[in-house]
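Inspection log for the structure reproduced underneath, given as structure tokens.
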Amino acid sequence: MILKTIIALFFLVVSGGFEADKAAGLNAREIRPGQNTSTPAEQQEGLATAASARLDPLHFSNLKWRNIGPAVRSGRISDIAVVESDPDIIYVGTAGGGAFKSVDGGITWDPVFEKEGSSAIGGIAVAQSNPNVVWVATGEPNGRNLVSTSWGDGVYKSEDAGKSWTHMGLRGCQQMGRIAIHANDPQTVFVSCIGSLWDTAEDNESRGLYRTIDGGGTWRKVLSAGSRAGVVEVVINPDDPDLLYAGAWQRERRDWSWLSTGPESGVFRSIDGGGTWDRLSNGLPAGDTGRVGLSICRSQSDTIYAVTEGDGGGIYRTNDRGGSWELLNTEVGSSHWYGQVRCDPNDPERVYVLSTQFYVSEDGGETFRTDLLGRSVHVDHHALWIDPADSDHLVLGNDGGVYFSNDGGMHWRHVGNLPIMQFFEIGVDMQEPFYHVYGGTQDDMSWGGPSETRHSDGIVNDDWYMTVGGDGFYARVDPSDPTIVYSESQNGGIVRFDTRTGERKRIKPVDPEEGEGYRWNWSAPILISQHDPTTVFFAAEVLFRSRNRGDTWEAISPDLTRKLTYENQMNDYGTIRVIAESPYRRGVLAVGTDDGLVQITQDGGETWQTTESLPGVPDLALVRRVILSVHDGDTIYVASSNHEYNDFSPYLMKSIDFGRSWISITGNLPKDQHIRALAEHPRNPDLLFIGTERGVWVSIDGGGYWVPLKNNLPTVPIHDMVVHPRENDLIVGTHGRSIWILDDINMLEELSATVATPEVRLFRVSPALQFNSFNRGRQFNGDSYYRAPNPPRGAILDYWLDPAVMVVPGSEQPLPVSLEIFDLDGARVRSLDLPQAAESPGSHRVVWDMRYGPSYVPPEGEGGTVRGPWVLPGEYEARLTVGGMVSSQPVVVEPDPLVSISNEDRLYWHDTQVAVSQLLGTARSALTNVEMLNMLLSSAEQVVGANLGVTQNVRDEVESVRSEVEVVTEDLTQIASRLASAYSGMQGSTSLPTDDQALAGHLGYEQLKDRIGTLNWLVAERLPLLNKSLDAEGIPWSMGRPVIMQVTELPRPPSRR
């Protein structure tokens, strides 16, 4: 009762899913080939009609991607470049995530190469004579894994230390290696071009070594090792820049084979600045040689080390500039995945070889040790920089990221704030309130972590947990129990992981007792049945089913592949790549194989119908994705990839008659947008997403027209994507920049195929969860502490302002825009502040923090805004008004499910906060008036003090007013302090206010009534009386007093005769 009385008196005194779309009958619907009778031509015509009104990026420019990490294990590094005159400036090139730069010795990192045409870095180099000049060669040279190696689009140059980049040509190279820059002339640059990883054409003209002498304006191929070999390595003698060495590499990669050696590989030398070249042989291996790595010893430049792969592979050394070579060690050699050797710039006897292990020799390559790294550093090493001013200072790059050592490799520090993990597949669970994201990565294990946390510092590395080691791939979570996660490592290494205990149960199907073992795709597919969460499907060349979460398996199919066999297989070929299940009927399954087949069963695997070819799709194209639509039982999508044949075209097919006929829905996609991922929206059948080698594309007309959904997403391969069915977030697993989320895609869901949005439109608002963030106490962990952002806290409001109606007719002035929140009684709860940009045409996003407006807004330039209290959970209305046009949507504020509080107690807590907030706002307003009063009084004191003739009565009067103002100031300051403390305390906990907090509100109310009365009397009566006294004494003007014209008439000039 006391509180209700306070509130009442205060205002008197102070005022002044797709499951809902499925009918029961559909679940029992029989699916039959040929059920839909429309022809492919009619389907294509429908797509063309839908594409006539096209989507534009302006429609969703408000949507921003959010990177959630992780950075716990980082990702594969392909090259490192350091400014020797300032070794705190470091550039790292990543396998698929672009390039990053540090200017503080690796404490913090910024992406500096993320908007260009490729994110796969082959080489990166700094011109030491002008460190502002940086070169990047795109296309990773390490071609071990078909699904992990990305291609490039040429070479780039920056002349402002990475702030901006210019494409300098050589697009046809696709895969590139080392860059070498002339020591004294940054205009002279050599770039090694390996050429396409998959092109077998013997007349390939791109492969070779290229030179520019005009900073990339023109290029000349100065070395061609042969029609089938590219150049992967180039080094320049530090004492004689006309003396160069290059390593040529003949290799060919296929899904089913890997040839990494050939007679055209070898070591070449030029003594005329790259004009002419000779193949070196004296002591070097003959026959089929593979990848070559070279390193010139800086302190003794006649000494060169070579590491070779293939026949006679091992460590070679020359002490006469390549005239003769000696084989030193055959146990340590190169491979196609590494090919790196480094000589200590200060000690020609100390040499490093980068391989699976980190090898170092102290005796010129005779013997090597591998005990420097121990178990604290990841394996698989690709890049090493040795400080020429301090050989103990090392920067190492491998599959686990970047490491630093300052003691010659005895101890290492890992960079834990580079989110460049390479995800293959991702999955999500249905945890509440925040779902978790899972995924497997290239050589960096499989992980799970939250999409959002309660913590004020966002999502950090410690929020992530490993589900299985090795190379990680599929991750699927039991929809009925989020503690059950299925993860896998290579070769079908599936485990069932318990998130509560951390236990991992290996559940891989056992090989047959007779004959060969099962063939496993590098990324063997896992699927949990939509009809029964205890039923799990897994696939090799046959499809397995378990009815008890993997404890027992049965093969429910024959070999579903083409049963092709090849020599030189690096990984199993002839495997199932993807599994799909119909949500409409149990037993309807589809699989896609790596040799181009789509197989469908409608009876749980008893019989299979085979689609051997799709119109316009090469027969052996890898089937990457198959989707049996959630919207009807007849629609199937198939995404294929033919890049292992050097064909980067997009292949995306759709059938609306369960495979009887097919049409292509690649629409306007560019011919180089090789598709890796596909997702269908669970509620809007026309809303499709694809992930390509360069990013994300969206279609709102079922594939008739595609638009890049880039916004702030970096250029990066997208290997998997999923739309969260509850939160309506689009989650993508990138192969080089970890995991990104596009929060709340309601706007995209509601855009129609004709883009017929109203003139102004507020889109559907997702429920907003009201909870307190908390600080986990790590704000002082330093600048290298990794933090990924949480999504906006509050209700996300997306709206559209049509450019055609945003200007007042006959005027260039834009229409006024307001966005307000109302309760169900129609009372305005909040008028949201809109930045000027939010009133411009196009799409916009504003977040309501679920609070009332501030009870006090300080004068411009001052701090101290009193943030409004939370509203009660419940339903509200958001109303967008533009001129006379109105669009509104309901907004639901949900309570924190972890807080236990009765409705009555919550109401009391809410009402108390509202009252104390208003009281605090009143106190702050009063203090602002006190400041103005003090300013006026100080001005009067100044003029009184400067006039000796002022009477004592006036001086006494000034001092009396000063005393009264000081008392009010002190009292109001104390009142505001107590109210602020109480208000802050109540905001930190959704619970009953403490007795002290309630008392602070009660006392604040009583004291404010008295002090505000005194303050108002001082302002309205006491100060004007003082001003009258000053006027009567003839005291010169002071602030707050009327201004009197001192001149009543201007003098007239004398008359002139």
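Under this note's numbering, the final residue of the sequence shown carries the number 1068; numbering is consecutive throughout.
Ideal placement from N, C-alpha and C gives every residue a C-beta, glycine not left out.
What you are looking at is a predicted structure, and each value in this text was computed from that prediction instead of being measured.
(message) Using only CA atoms, which one of Ser928, Thr677 and Ser557 lies nearest to Gln1008?
(response) If we check each option's Cα against that of Gln1008, Ser928 comes out closest.
(request) Run the CB neighbour count on Ala31, radius 10 Å, all protein chains shown included, and call it buried at 16 or more, exposed below. (result) Reliability fails at Ala31, whose pLDDT of 34 lies under 50, so the model's placement of it is uncertain and the value that follows must be treated cautiously. When all chains shown are included, Ala31 counts as exposed.
(message) Using a Cβ-Cβ cutoff of less than 7 Å, which residues in the same chain neighbour Leu845 once the five nearest sequence positions on both sides are dropped?
(response) Hits under 7 Å: Val828, Leu830 and Val857.
(request) Name the two residues that bound the continuous alpha helix (DSSP H) containing Ser971. (result) In the DSSP annotation of this structure, the continuous segment of the alpha helix (DSSP H) that includes Ser971 starts and ends at Gln963 to Gln998.
(request) Specify whether the segment 815 to 826 and the segment 501 to 510 touch according to this definition: at least 3 beta carbon pairs, one from each stretch, less than 8 Å apart. (result) The segment 815 to 826 vs the segment 501 to 510: no contact.
(request) Check each candidate in Lys75, Trp1028 and Pro68 and name the one with the smallest Cα separation from Leu741. (result) When each option's Cα is compared against that of Leu741, the closest is Lys75.
(request) Would you identify the three-state DSSP class for Glu1072, choosing helix, strand or coil? (result) Given a span of 12 to 1068 for the chain in the structure shown, any question on residue 1072 remains unanswerable.
(request) Look up Ile567 in the DSSP assignment and say whether it is helix, strand or coil. (result) Here Ile567 sits in coil by DSSP.
(request) For Arg1022, name the three-state secondary structure that DSSP assigns. (result) Here Arg1022 sits in helix by DSSP.
(message) Quick check: Tyr595 and Gly644, are their CB atoms within less than 9 Å of each other?
(response) Yes.
(request) Sort Glu738, Arg1063, Thr229 and Glu1032 by Cα distance to Val972 and report the nearest one. (result) Comparing Cα-Cα distances from Val972 to each of Glu738, Arg1063, Thr229 and Glu1032, the minimum goes to Glu1032.
(request) For Arg878, collect the residues of the same chain with a Cβ closer than 7 Å to its Cβ; drop the 5 residues on either side in sequence, then sort them by chain order. (result) Once the five neighbours on either side are set aside, the close Cβ partners of Arg878 are Arg862 and Pro865.
(request) Measure the alpha-carbon distance for Glu704 versus Gly598 and round it to whole angstroms. (result) Within the model, the alpha-carbon separation for Glu704 versus Gly598 is close to 34 Å.
(message) For Gly513 and Gly561, I'd like the C-alpha separation in whole angstroms.
(response) About 17 Å.
(request) Inspect the beta-carbon positions of Leu538 and Gly616 and report whether they are closer than 9 Å. (result) Taking C-beta atoms as the reference points, Leu538 and Gly616 fail to come closer than 9 Å.
(request) Assign Asp99 to buried or exposed, taking buried as 16 or more other Cβ atoms, counted over all protein chains shown, within 10 Å of its Cβ. (result) In the assembly as shown, Asp99 is an exposed residue. Its beta-carbon has fewer than 16 other beta-carbons within 10 Å.
(request) Could you have a look at Arg935 and say whether DSSP puts it in helix, strand or coil? (result) Note: Arg935 maps to helix in three-state DSSP.
(message) Can you confirm whether the segment 687 to 696 touches the segment 93 to 110 when touching is taken to mean that 3 or more C-beta pairs between the two stretches lie within less than 8 Å?
(response) In short, these stretches do not touch, since the Cβ pair count stays below three.
(request) Going by CA-CA distance only, name the one from Glu871, Gly702, Arg737 and Met1050 that's closest to Leu720. (result) For Leu720, the nearest C-alpha among the options comes from Gly702.
(request) Determine the extent of the beta strand (DSSP E) in which Glu216 is found, giving its start and end residues. (result) In the DSSP assignment, Glu216 falls outside any beta strand (DSSP E) and carries neither an H nor an E.
(message) Do Ser1002 and Asp916 count as a contact pair if the criterion is CB distance below 9 Å?
(response) The Cβ-Cβ distance between Asp916 and Ser1002 falls below 9 Å.
(message) Bridge partners for Val818 per DSSP, in chain order?
(response) Answer is Pro825, bridged to Val818.
(request) Examine the ligand COA and report whether any of its heavy atoms sits within less than 8 Å of the Cβ of Lys1020. (result) Because no ligand of any kind appears in the structure shown, any question about the ligand COA cannot be addressed here.
(request) May I have the straight-line CA-CA distance separating Asp225 from Asn153, to the nearest angstrom? (result) Cα to Cα, the separation comes out at about 29 Å.
(request) Evaluate contact between the segment 114 to 125 and the segment 485 to 501, counting only Cβ atoms and requiring at least three cross-stretch pairs below 8 Å. (result) Flag = no, the segment 114 to 125 and the segment 485 to 501 do not touch.
(message) Determine whether the beta carbon atoms of Val776 and Pro901 lie at a separation below 9 Å.
(response) Note that the C-beta distance between Val776 and Pro901 is below 9 Å.
(message) Are the CB atoms of Thr510 and Asp482 within a distance shorter than 9 Å?
(response) For Asp482 and Thr510, no; Cβs fall outside 9 Å.
(request) Compute the Euclidean distance between the alpha carbons of Val1078 and Gly227, then round it to the nearest angstrom. (result) Only positions 12 to 1068 of the chain appear in this structure, which leaves residue 1078 out of reach.
(message) Can you check which of these residues, Pro252, Ser276, Ser203 and Trp533, is closest to Gly237 by C-alpha distance?
(response) Ser276 is the residue among Pro252, Ser276, Ser203 and Trp533 whose C-alpha sits nearest the C-alpha of Gly237.
(request) Can you say whether Leu990 is buried or exposed, counting buried as having 16 or more other CB atoms within 10 angstroms of its CB? (result) So Leu990 counts as buried.
(message) Going by DSSP, what residue range makes up the beta strand (DSSP E) through Glu760?
(response) Run containing Glu760: none in the beta strand (DSSP E); it sits in the alpha helix (DSSP H), Asn757 to Glu761.
(message) Mapping the DSSP letters down to three states, classify Ser672 as helix, strand or coil.
(response) Ser672: coil per DSSP, three-state reduction.
(message) Mapping the DSSP letters down to three states, classify Ser203 as helix, strand or coil.
(response) Strand at Ser203.
(request) Measure the beta-carbon distance from His392 to Ser366 and round it to whole angstroms, keeping in mind my assumption that it falls under 8 Å. (result) Right, their Cβ atoms sit about 7 Å apart.
(request) Return the CA-CA distance between Val602 and Val609, expressed in angstroms with no decimal places. (result) If you take the alpha carbons of Val602 and Val609, they lie about 6 Å apart.
(request) Measure the alpha-carbon distance for Asn38 versus Glu691 and round it to whole angstroms. (result) Note that Asn38 scores 32 on pLDDT, short of 50, meaning its location in the model is unreliable and no value can be drawn from it.
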